[in-house]
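Peer 1: Handing you a structure now.
Encoded structure:
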């Protein structure tokens, strides 16, 4: 859950508080609520790995530490190939979207700690992929897993995977399909990339 991106984290804290007030006997149950500071596959992959660790017998303390570490380093990037949905959702303002479409610009947007920022603009799809590979690989900690979020631009996704895998020396650890919540904000013509960056906390 992302405390800056939705009320879900705050509601979870409140739910735990209310549960313990109404059922004091539940105090012996350990309920961990962790702020992911990110979205979608940014917390999806670590949660899956955390479940594997629990199944393998690792302690709750170790798993909580693992999740906290992953979330403190997570960086998400979106390569946008169509700005219409991003304009509607407010990720890019209308004037910038109009100018971008007119000039054929494709933005690279970072989502770090719940804040979005256009970090690069490239002209054309080919340059957008090449520039994203260069920028994102420069932000990633070497020899760490990365994941990709797929949408409706299969050929572009495949090309990005090919170039980025060659750049960092490893294929994506996970490939996932964007759901309705992501698509409603970004549209179906994006590539999402999740990496481990430098620790922020």
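In the numbering used here, the protein residues as written are 6 to 206.
In this text, a Cβ means the ideal position worked out from N, Cα and C, and glycines have one as well.
(1) Let's see if you can read the secondary structure: which residues bound the beta strand (DSSP E) around residue 155?
(2) Check whether the region 184 to 193 touches the region 148 to 160, counting contact only when three or more Cβ pairs, one atom from each stretch, lie closer than 8 Å.
(3) Identify the residues that DSSP records as bridge partners of residue 173: which are they?
(4) Is the beta carbon of residue 118 closer than 8 Å to that of residue 13?
(5) Within 10 Å of its beta-carbon, does residue 116 have 16 or more other beta-carbons around it, so buried, or fewer, so exposed?
(6) To the nearest angstrom, how far is it from the Cα of residue 163 to the Cα of residue 64?
(7) Can you say whether residue 189 is buried or exposed, counting buried as having 16 or more other CB atoms within 10 angstroms of its CB?
(8) Is DSSP giving residue 51 helix, strand or coil here?
(9) Provide the residue span of the beta strand (DSSP E) that contains residue 8, from first to last.
(10) Reducing DSSP to helix, strand and coil, say where residue 29 ends up.
(11) If we count Cβ pairs, one from each stretch, closer than 8 Å, do we get three or more for the region 26 to 40 versus the region 70 to 78?
(12) Going by beta-carbon coordinates alone, are residue 174 and residue 80 separated by less than 8 Å?
(13) Tell me the DSSP secondary structure of residue 100 in three-state form.
(14) If I'm right that residue 114 touches residue 122 with Cβ under 8 Å, what's the distance once you round it to whole angstroms?
(15) Along the chain, where does the alpha helix (DSSP H) that runs through residue 80 open and close?
(16) Per DSSP, residue 179 forms a beta bridge with which residues?
Peer 2: So, to answer that:
(1) 152 to 155
(2) Touching, yes.
(3) None; residue 173 has no bridge partner.
(4) no
(5) buried
(6) Distance between the alpha carbons of residue 163 and residue 64: 38 Å.
(7) exposed
(8) Here residue 51 sits in helix by DSSP.
(9) Per DSSP, residue 8 belongs to no beta strand (DSSP E) and is neither H nor E.
(10) helix
(11) yes
(12) no
(13) With a pLDDT of only 46 at residue 100, under the threshold of 50, the placement of this residue in the model should not be trusted; the figure read from the coordinates follows. Looking at residue 100 - three-state DSSP - the assignment turns out to be helix.
(14) 7 Å
(15) Residue 80 -> not in any alpha helix (DSSP H); beta strand (DSSP E) instead, spanning 79 to 85.
(16) In DSSP, residue 179 forms a bridge with 152.
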